[in-house]
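These notes concern the structure reproduced below.
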Amino acid sequence: MVHRQHTPGQPKKKIAYIIGAFPGLTITFIDREIIEARRKGLKLVLVSIRRLPPFEIRPEIKELVAQTKYILPISWLKFLATNLYFGLTRFRIYLATLFYLLASPHTCLKDRVKTLLHFGEGVQAAGLLQSERIAHIHAHFADRAAIVALVSSRLLGISYSLTAHANDIYVAPVLLPEKVANAKFVTTCTGYNKRYLEHLTGRSIELIYHGLDLTGMTSMPLSGNGDLPLILSVGRLQEKKGFIYLLKACHLLKREGRKFKCEIIGEGPQRAKLESVIVELGLQDTVTLRGAMPNMEVMDQYRQATIFTLPCVVAGNADRDGIPNVLLEAMASRLAVVSTSISGIPEVIENGVTGLLVDPGNAEALAEALAKLLDEPNLREQLGRQGYRRIEESFDIRTNIDRLVRLLEQ
280 MVHRQHTPGQ
290 PKKKIAYIIG
300 AFPGLTITFI
310 DREIIEARRK
320 GLKLVLVSIR
330 RLPPFEIRPE
340 IKELVAQTKY
350 ILPISWLKFL
360 ATNLYFGLTR
370 FRIYLATLFY
380 LLASPHTCLK
390 DRVKTLLHFG
400 EGVQAAGLLQ
410 SERIAHIHAH
420 FADRAAIVAL
430 VSSRLLGISY
440 SLTAHANDIY
450 VAPVLLPEKV
460 ANAKFVTTCT
470 GYNKRYLEHL
480 TGRSIELIYH
490 GLDLTGMTSM
500 PLSGNGDLPL
510 ILSVGRLQEK
520 KGFIYLLKAC
530 HLLKREGRKF
540 KCEIIGEGPQ
550 RAKLESVIVE
560 LGLQDTVTLR
570 GAMPNMEVMD
580 QYRQATIFTL
590 PCVVAGNADR
600 DGIPNVLLEA
610 MASRLAVVST
620 SISGIPEVIE
630 NGVTGLLVDP
640 GNAEALAEAL
650 AKLLDEPNLR
660 EQLGRQGYRR
670 IEESFDIRTN
680 IDRLVRLLEQ
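Under my numbering, the residue at position 295 of the sequence shown is numbered 574, and the numbers go up by one with no gaps.
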């Protein structure tokens, strides 16, 4: 494969960013990364495999959406025409790439069929990017986006890289060693992931933490919820977030006679189960499922909270969080946070210093930690202050993006 070289005096490289679905409520960290990379002068062309249903987004994200190239939906005529074009003009590379992907190990026929479909998406991406004079492709998530990046990069004769996150690594990954082996470089967002991927693939992985724009982050009031303290949690309603244990902890706190409110922001497949547990535990007057919210509204909710918690667990299908971005946002909002000691979370929360950690799946320990923070406002303030310093030190987007930009421009 021939890679075009960048020499001094040439304009900056143009980089394609391939994302599974853009924009998305749960990938605002990618929004921040793109915005900051462009501020640093990086020329980015955004490619999204599919669109999500519309939701409220900030004006600067609307501008990005307007500039994004979407692979799907696509007409059969265009699909066939693009495959015919590359099948004729890049005959050997087209067939070699298709054979390489389909001949690589898959756990089942269904995964192999999906790979074939993603190969087709990669051909369409190459068609979208052909006139852009792209120098390099970067994929977010080591899932279908990485296959699209691999295929399109080979057809265009350029390199690709990828950022691996969480479920794309641990939940029945398809061709993960192949995606990593063929990439120019691979980054990930936690030291935990880095160690796992290096052990799995035998190659060096770059650690680049997600970052926040700390401009304008201000100190939070104790509570904006009247006389009752507010325990806030944010995340998709799914097993790995551990919301079941938060409900059980709330039940224990209420049984002790404590008066408080708990709000969970997010939507997902566990909604019905959580609603059932709320009724079963008699928490209807205490816990509210707020549904999904745009990130700008979530940021406002941090200002109303007394404590933030996200009691993550490793799900039955091995899914797990890396470092949940909502934990970073809460700490940047100077909230005292409670989470669990799994995956990359201890890389940001040092127990008793920048927050509190409990064992995953332990509702009693979670209740004790929440009670401690409810009872000790000075401790809440201290942990909130130290947590913010931790974010300043290691999770400032303005600093973290520099390493990625350097890698992309090499």
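Here a beta-carbon is modelled for each residue, glycine too, at the ideal position from N, C-alpha and C.
Since the model is a prediction, treat every value here as computed from it, not as a measurement.
Beta-carbon contacts of Ala418 that lie in its chain and below 6 angstroms, excluding the five residues immediately before and after | Counting only residues of its own chain and dropping the five nearest sequence neighbours on each side, Ala418 has a CB closer than 6 angstroms to the CB of Ile297, Ala424, Ala425, Ala428, Leu441.
So does Phe378 have its beta carbon nearer than 7 angstroms to some heavy atom of the ligand NAP?
-> In the structure on display, the ligand NAP does not appear, and there are no ligands present to speak of.
Bridge partners - Ala300, DSSP secondary structure assignment = Arg329
Buried or exposed for Asp600, please, with buried defined as at least 16 other CB atoms from any protein chain shown within 10 angstroms of its CB.
-> buried
In the DSSP assignment, find the unbroken alpha helix (DSSP H) run with Ser512 in it and report its ends.
-> Taken as a continuous stretch (DSSP letters only), Ser512 belongs to no alpha helix (DSSP H), being part of the beta strand (DSSP E) at 509 to 513.
Sheet register partners of Ser710 (DSSP bridge) = Residue 710 cannot be examined here, being either before or after the span of the chain that is shown, 280 to 689.
For the alpha helix (DSSP H) containing Val392, list its first residue and its last residue.
-> 388 to 408
Quick one: any contact between the region 547 to 558 and the region 512 to 531, if contact means 3 or more CB pairs under 8 angstroms?
-> yes
Note down the Cα distance separating Pro639 from Pro603, rounded to an integer number of angstroms.
-> One C-alpha to the other measures close to 15 angstroms.
In chain order, what residues of the same chain have a beta carbon less than 7 angstroms from the beta carbon of Met496, not counting five sequence neighbours either side?
-> Ala611, Ser612
Along the beta strand (DSSP E) that carries Ile586, what are the first and last residues, could you check?
-> 586 to 589
Environment of Arg433 [buried if 16+ CB atoms lie within 10 Å] | buried
Do Leu636 and Ser620 come within 8 angstroms of each other at the CB atom, strictly closer than that value?
-> yes
With DSSP collapsed to three states, give me the class of Thr376.
-> helix
Lys357 versus Gly399 - alpha carbon distance | 11 angstroms
How about Leu649 and Leu532: do their beta carbons lie closer than 8 angstroms?
-> yes
Whole-Å CB distance - Gln665 paired with Val632, under 8 angstroms assumed = That belief holds up - the Cβ atoms of Gln665 and Val632 are roughly 6 angstroms apart, short of 8 angstroms.
Are the CB atoms of Val453 and Thr394 nearer to each other than 8 angstroms?
-> Yes, Cβ-Cβ distance for Val453 and Thr394 is below 8 angstroms.
Please classify Asp422: is it buried, with 16 or more other beta-carbons within 10 angstroms of its beta-carbon, or exposed?
-> buried
If you draw a straight line from the alpha carbon of Arg669 to that of Leu645, how long is it in whole angstroms?
-> 22 angstroms
How big is the Cα-Cα spacing for Pro456 and Tyr379?
-> 13 angstroms
For Ala597, name the three-state secondary structure that DSSP assigns.
-> coil
If I'm right that Ile487 touches Gln403 with Cβ under 8 angstroms, what's the distance once you round it to whole angstroms?
-> Incorrect: roughly 29 angstroms between the Cβ atoms, too far for contact.
Using the beta-carbon count (16 or more within 10 Å), is Gly623 buried or exposed?
-> buried
May I have the straight-line CA-CA distance separating Gly366 from Leu359, to the nearest angstrom?
-> 10 angstroms
First and last residue of the beta strand (DSSP E) that includes Ile602?
-> Taken as a continuous stretch (DSSP letters only), Ile602 belongs to no beta strand (DSSP E), as it is neither H nor E.
Where Ala609 and Thr678 are concerned, what is the direct C-alpha to C-alpha distance, given to the nearest angstrom?
-> 19 angstroms
Give the DSSP-derived three-state secondary structure of Glu647 in the structure shown.
-> helix
So is Leu374 in contact with chain C if we call contact Cβ pairs under 8 angstroms?
-> This model lacks chain C altogether, as it is built from one protein chain only.
Distance CB(Gly521)-CB(Cys591) smaller than 8 angstroms | Yes, the Cβ-Cβ distance between Gly521 and Cys591 is below 8 angstroms.
Roughly how many angstroms separate the alpha carbons of Ser354 and Thr361, rounded to a whole number?
-> 11 angstroms
Might you give, ordered along the chain, the residues of its own chain that have their beta carbon closer than 7 angstroms to the beta carbon of His530, omitting 5 neighbours on each side?
-> Leu560, Leu562
Tell me Thr466's beta-bridge partners as DSSP assigns them.
-> DSSP, once it has assigned bridges, lists Thr442, Glu485 as partnering Thr466.
Can you tell me the Cα-Cα spacing of Glu629 and Arg318, whole angstroms?
-> If you take the alpha carbons of Glu629 and Arg318, they lie about 32 angstroms apart.
Terminal residues of the alpha helix (DSSP H) in which Lys357 lies = Start and end: 355 to 368.
Cα-Cα separation between Arg537 and Gly663, rounded to whole angstroms | 22 angstroms
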